[in-house]
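**Q** Here's a structure for you.
There are 2 protein chains.
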Amino acid sequence: MKENKIPYKTYLDESEIPTKWYNVRADMKNKPAPLLNPGTHQPMKAEELAPVFCEELIAQELNNTDAYIDIPQEIQDFYKMYRPSPLIRAYFLEDALGTPAKIYYKFEGNNTSGSHKLNSAIAQAYYAKKQGLKGVTTETGAGQWGTALSMACSYFGLDCKVFMVKVSYEQKPFRREVMRTYGASVTPSPSMTTEIGKKILSEFPGTTGSLGCAISEAVEVATTNEGYRYVLGSVLNQVLLHQSIIGLETKTALDKLGEKADIIIGCAGGGSNLGGLIAPFMGQKLRGEADYRIIAVEPASCPSFTRGKYAYDFCDTGMVCPLAKMYTLGSGFIPSANHAGGLRYHGMSSILSQLYADGLMEATSVEQTSVFEAAEQFARVEGILPAPESSHAIRVAIDEALKCKETGEEKTIVFGLTGTGYFDMVAYEKYNDGEMSDYIPTDEEIAQSLANLPVVEE
Amino acid sequence: MKENKIPYKTYLDESEIPTKWYNVRADMKNKPAPLLNPGTHQPMKAEELAPVFCEELIAQELNNTDAYIDIPQEIQDFYKMYRPSPLIRAYFLEDALGTPAKIYYKFEGNNTSGSHKLNSAIAQAYYAKKQGLKGVTTETGAGQWGTALSMACSYFGLDCKVFMVKVSYEQKPFRREVMRTYGASVTPSPSMTTEIGKKILSEFPGTTGSLGCAISEAVEVATTNEGYRYVLGSVLNQVLLHQSIIGLETKTALDKLGEKADIIIGCAGGGSNLGGLIAPFMGQKLRGEADYRIIAVEPASCPSFTRGKYAYDFCDTGMVCPLAKMYTLGSGFIPSANHAGGLRYHGMSSILSQLYADGLMEATSVEQTSVFEAAEQFARVEGILPAPESSHAIRVAIDEALKCKETGEEKTIVFGLTGTGYFDMVAYEKYNDGEMSDYIPTDEEIAQSLANLPVVEE
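Keeping their order, the protein sequence lines are chains A and B.
To convert, note that position 372 of the first sequence is 372 in the numbering used here; the numbers rise steadily by one, no gaps.
Counting from 1 along the second sequence, just add 458 to a position and that's the residue number in the numbering used here.
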């Protein structure tokens, strides 16, 4: 049935790297809800965002109408360092599963940041440089985003200040060193270098930090230092725009192979990878040109799509950022301590939230022991050690392929393999030692967290 | 001058992956000296090697005449998982250096083992499987070879027992976990699981182990367990044969680009990468068809080519393996404790040793702080975090490119980028903290180590 096993890997030519990003909002009938000023509850204007974000990025953030946005030549040049990324036919996995399904994955891990995050990091660094800034600030948890931003800033000669959640800083010293090798300064958060950090440390002296706190510190430094702005690696519309390059390349490669996807699967934390992967396919769906089953996969321990509420909420724990309408578990929600890897954001991209609310995509949640089981199975046959985040998509891709085995259907399954797990070996060790457990929050826990949503009249 | 910057990366088509390995020995007028029985000092026969090595690998080890050896289909299939590897034009680095030289590098790090080691690991695992063995044993220091072998054994369903130098086992727990994820058993060496391990532990209770000791344990387990053989990741002729795929792909890609290398550079520890990279080019040189400058780069702390003696020596510290004629620092030589990364073998491939003795290639040694300086410079512009080993080649490639800048020559420089440094962040941290130092052994130290060479009449 699967005789001609060529090619395993489809690399587009460098001349086929997209020269425009695709903005799915242009094709959405129901646009994503606007960011609101946390004080007035009025839509944020560009000038209100300007002290925090770079000007051109704000324009992209607010642009709901242009379907295509030119990728500046400097960013196209940088993309040639590691793009096009391969679309890989999972022949080895198909054989291991004995499925009639065809499985493809778009692999974004072949760059030193280890993930797709570099696609947006280089864009954000470029616009910061173009604006004449000295540098940017950000937060990082697992470290993929911080690494990507360090690489991008090093390329453009920008200063890069990363606030890394203290527990990650201590548990992942190697991530920190990669960032330092690219010239970034990495500060464990909360720190004594910011007012908010000092405040938190005096209130909670032993705290190991959180993403919400690190965001607050990064924003404070950006807004109180001349020539700095704050940048973010997921959730925002601009980030999904930049990540559309994943989907555009995937679609071009599938078209060249004469393949039409039936199911498209991606892991979802803040939505940057999934939003990028599905963008052009969703565009076809919105325009009525083609149909696809699109599945967001989230951790059962942080189930914003499947158990959250579609409502306006704070983007950060410190409540200094604008309000966003999204599927949320409440800005105070913190996944169980036994949760390994990323995908731990309490909310979700506003674009994906609207698409999900409109029934244009599905969502499912998976437990982490079954995720690592899929990760190990995949690694052993496909030869790539996947990131825990990416392995959520692997889990569901395998499950869908096994359903095809039962029904005999030859479906074409495409999933996003966002990155590699080289810096996640502590989690793999737990799994290898049989010490990994699952945690599903109770209805009471989620209800309690959702009780603190801001009251917004729409 | 360098207007048309396309392509950055040359990927051959999967149909262009070599189907035969190239055996440079066939074209060598002076063949590499044979392995000798350590007791009789007579050339080792196949049947003497059979208790330790797999049969077909012994045939390859002793084959000095066939220029091409077929790559079995099963290995060709596996190669499609991660090959062809890209030949990358270092446009970013050239710009940063302001050199008129063209710099290319063959990047072998885009697989989970993180290096070229997988090219030989899959071949050795295949022949073990074909022989009906249950499993293989090996030693690993830095961990690249152990990881590669784990991946290969997992693919063919072979048991894989890795003896990992105890100090590495403890300092690199993540390497260990990758191997376990691929189903290998990893034992810190010396261990209480072997007679030699028990003996060493009783004599030196606090020892942190050495490669020589780990080899002895792995050989003991292979020879005392039904259905097991021992495999090795470098030095041997068979390994260089398998690694010729690096050079064959490199040459095909350069030919397609219409480029002719002037200088070919590779790091050299036991010689597996360098021997593989240069194989077809050296073949041309041996046949008088083309000329190339070929440079082996070794660490100043372990300078077997540049300061060793060309003589028969023990391959292992335990002196149980055959004697090999090679450039050696003496089997008791141990690089200074401040040496980071691999390339710490006391000897060198017999093939490369003969080629060097015949004046067909050059060798140079570099100090590790200058190696890490080159590594960081490379990472920041080319976006790949290189392994410390590979960075030895980067150092010399940069130096040669800077010479071109002085002279204005447009030389074409090709070097081997053997792998990535994700598991070497402790060394990068030392460098980032300014705590890395150099050590060059004194003449007395080397003379003392060489005083114990076995006396062999040739």
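Yeah, the Cβ is synthetic: ideal placement off N, Cα and C, and Gly gets one too.
Predicted model only: the values in this text are computed from it and were never measured.
If you compare alpha carbons, which of M740(B), L706(B) and C773(B) is closest to P542(B)?
**A** Looking up residue 542(B) in the second sequence gives position 84. The option with the nearest alpha carbon to P542(B) is L706(B).
**Q** Identify the residues that DSSP records as bridge partners of R293(A): which are they?
**A** Here residue 293(A) refers to the residue found at position 293 when the first sequence is read from its first residue. R293(A) is bridged to I263(A).
**Q** With a threshold of 16 other CB atoms inside 10 Å of the CB of G664(B), please say whether the residue is buried or exposed.
**A** Within the second sequence, numbered from 1, the residue matching residue 664(B) stands at position 206. Burial call: exposed.
**Q** Would you mind giving the Cβ-Cβ distance between V693(B) and G728(B), rounded to the nearest angstrom? I have them listed as a contact below 8 Å.
**A** In the second sequence, the residue the question calls residue 693(B) occupies position 235. In the second sequence, the residue the question calls residue 728(B) occupies position 270. With 8 Å as the limit, V693(B) and G728(B) qualify as a contact, their Cβ atoms being about 4 Å apart.
**Q** Can you give me the C-alpha to C-alpha distance between I413(A) and I263(A), rounded to a whole angstrom?
**A** The residue given as residue 413(A) occupies position 413 in the first sequence. The residue given as residue 263(A) occupies position 263 in the first sequence. Taking the Cα positions, I413(A) is about 5 Å away from I263(A).
**Q** Flag this pair as yes or no: are the beta carbons of Q518(B) and I527(B) separated by less than 8 Å?
**A** Sequence index remark: in the second sequence, residue 518(B) carries index 60 (1-based). Sequence index remark: in the second sequence, residue 527(B) carries index 69 (1-based). The Cβ atoms of Q518(B) and I527(B) lie closer than 8 Å to each other.
**Q** Identify, in the order they occur along the chain, each residue of the same chain with its Cβ nearer than 7 Å to the Cβ of L459(A), setting aside the five sequence neighbours on each side.
**A** The structure shown does not extend to residue 459(A), since chain A spans only 1 to 458, so no value can be given for it.
**Q** Which term fits R180(A), buried or exposed, when burial requires 16 or more other beta carbons within 10 angstroms of its beta carbon?
**A** Numbered from 1 along the first sequence, position 180 holds the residue referred to as residue 180(A). Buried, by the Cβ-count rule.
**Q** Against E519(B), what residues of chain A qualify as contacts under a CB-to-CB distance less than 8 Å, listed in chain order?
**A** Numbered from its first residue, the second sequence carries residue 519(B) at position 61. Going along chain A, no residue has its Cβ under 8 Å from E519(B), so there is no contact; the nearest lies around 27 Å.
**Q** Do you know how far the Cα of L133(A) is from the Cα of A837(B)?
**A** Locating residue 837(B) in the second sequence gives position 379, counting from the first residue. Locating residue 133(A) in the first sequence gives position 133, counting from the first residue. Their backbone Cα atoms lie some 23 Å apart in a straight line.
**Q** Give the single residue among V320(A), M425(A), V366(A) and E445(A) whose Cα lies nearest to the Cα of L36(A).
**A** Mapped onto the first sequence, residue 36(A) falls at position 36. Minimum Cα distance to L36(A) is reached at V320(A).
**Q** Of the residues Q368(A), A387(A) and T418(A), which one's Cα is nearest the Cα of S437(A)?
**A** The residue you call residue 437(A) lines up with position 437 of the first sequence. It is Q368(A).
**Q** On the criterion of 16 or more Cβ atoms from any shown chain inside 10 Å, does P173(A) qualify as buried, or is it exposed?
**A** Taking the first sequence and counting its residues from 1, one reaches residue 173(A) at position 173. With fewer than 16 other Cβ atoms within 10 Å, it is exposed.
**Q** Can K166(A) and W145(A) be called in contact, C-beta distance under 8 Å?
**A** Your numbering for residue 166(A) matches position 166 in the first sequence. Your numbering for residue 145(A) matches position 145 in the first sequence. For K166(A) and W145(A), no; Cβs fall outside 8 Å.
**Q** Mind reading off the beta-carbon distance from S390(A) to G419(A)? Whole number of angstroms is fine, and I expect it under 8 Å.
**A** On the first sequence, residue 390(A) is found 390 positions in, with the first residue counted as 1. On the first sequence, residue 419(A) is found 419 positions in, with the first residue counted as 1. Confirmed, about 6 Å.
**Q** Return the residue from the list G347(A), I245(A), L385(A) and C404(A) that minimises the CA-CA distance to A121(A).
**A** Here the question's residue 121(A) lines up with position 121 in the first sequence. That would be I245(A), whose Cα lies nearest to the Cα of A121(A).
**Q** What in chain B is Cβ-close to N23(A), meaning under 9 Å?
**A** For this step, residue 23(A) is matched to residue 23 along the first sequence. Within chain B, no residue comes near N23(A); the closest Cβ sits about 27 Å away, beyond 9 Å.
**Q** By alpha-carbon positions, which one of L385(A), L355(A), L286(A) and R89(A) ends up nearest to I6(A)?
**A** Here residue 6(A) refers to the residue found at position 6 when the first sequence is read from its first residue. Minimum Cα distance to I6(A) is reached at R89(A).
**Q** Find out if the Cβ-Cβ distance for the pair V755(B), A726(B) is shorter than 8 Å.
**A** For the purposes of this step, residue 755(B) is identified with residue 297 of the second sequence, where counting begins at 1. For the purposes of this step, residue 726(B) is identified with residue 268 of the second sequence, where counting begins at 1. Yes, they are a contact pair.
**Q** Checking 8 Å against the spacing of the C-beta atoms, do V52(A) and V136(A) come in under that value?
**A** One-based indexing of the first sequence puts residue 52(A) at position 52. One-based indexing of the first sequence puts residue 136(A) at position 136. No. Outside cutoff.
**Q** Output the boundary residues of the beta strand (DSSP E) element that contains E139(A).
**A** To locate residue 139(A), count along the first sequence from 1; it is residue 139. It spans G135 to T140 - the beta strand (DSSP E) in which E139(A) sits, taken as one unbroken run.
**Q** Quick one: is T498(B) buried, meaning 16 or more other Cβ sit within 10 Å of its Cβ, or exposed?
**A** Against the second sequence, residue 498(B) aligns to sequence position 40. Looking at its Cβ environment, which holds fewer than 16 other Cβ atoms inside 10 Å, T498(B) is exposed.
**Q** Is the beta carbon of S185(A) sitting closer than 8 Å to the one on M151(A)?
**A** By 1-based counting over the first sequence, the position of residue 185(A) is 185. By 1-based counting over the first sequence, the position of residue 151(A) is 151. The beta carbons of S185(A) and M151(A) sit no closer together than 8 Å.
**Q** Return yes when the Cβ of A101(A) is within less than 8 Å of the Cβ of E94(A), no when it is not.
**A** By one-based count along the first sequence, residue 94(A) stands at place 94. By one-based count along the first sequence, residue 101(A) stands at place 101. Yes. Within cutoff.
**Q** Please tell me whether I464(B) has its Cβ less than 8 Å away from any Cβ of chain A.
**A** The count along the second sequence starts at 1 and reaches residue 464(B) at position 6. Chain A contact via Cβ: present.
**Q** Give the interface partners of R638(B) over in chain C, defined as CB-CB distance under 7 Å, in chain order.
**A** The displayed structure is made up of protein chains A and B, and chain C is not among them.
**Q** Using a Cβ-Cβ distance under 8 Å, would R853(B) count as near chain A?
**A** In the second sequence, residue 853(B) corresponds to position 395, counting from 1. Chain A contact via Cβ: absent.
**Q** With DSSP run on the structure shown, which of helix, strand or coil describes I561(B)?
**A** If you number the second sequence from 1, residue 561(B) lands on position 103. Looking at I561(B) - three-state DSSP - the assignment turns out to be strand.
**Q** Hey, out of A324(A), D66(A) and E217(A), whose CA is closest to E458(A)'s CA?
**A** Sequence index remark: in the first sequence, residue 458(A) carries index 458 (1-based). Closest by alpha carbon: A324(A).
**Q** Compute the beta-carbon to beta-carbon distance between G788(B) and L669(B), rounded to the nearest angstrom, for a pair I have assumed lies under 8 Å.
**A** By 1-based counting over the second sequence, the position of residue 788(B) is 330. By 1-based counting over the second sequence, the position of residue 669(B) is 211. Actually they are not in contact, since the Cβ atoms of G788(B) and L669(B) sit about 14 Å apart, beyond 8 Å.
**Q** What residues match up with C618(B) in a beta bridge as DSSP calls it?
**A** Within the second sequence, residue 618(B) is the residue found at index 160, counting from 1. C618(B) is bridged by DSSP to V594(B).
**Q** Using three-state DSSP, classify T645(B) as helix, strand or coil.
**A** In the second sequence, residue 645(B) corresponds to position 187, counting from 1. Note: T645(B) maps to strand in three-state DSSP.
**Q** Assuming F830(B) and Y889(B) form a contact by the criterion Cβ under 8 Å, report the distance between their Cβ atoms to the nearest whole angstrom.
**A** As a working note, residue 830(B) is residue 372 in the second sequence. As a working note, residue 889(B) is residue 431 in the second sequence. F830(B) to Y889(B), Cβ: 4 Å. Contact.
**Q** Does DSSP put E825(B) in a helix, in a strand, or in coil?
**A** Here the question's residue 825(B) lines up with position 367 in the second sequence. Three-state DSSP puts E825(B) in coil, outside helix and strand.
**Q** Classify T207(A) as helix, strand or coil using the three-state DSSP reduction.
**A** Here residue 207(A) corresponds to residue number 207 of the first sequence, with the count starting at 1. Three-state result, T207(A): coil.
**Q** Name the chain A residues whose beta carbon is nearer than 8 Å to that of L843(B)?
**A** Here the question's residue 843(B) lines up with position 385 in the second sequence. Those within 8 Å of L843(B) in chain A are T112, V178 and T181.
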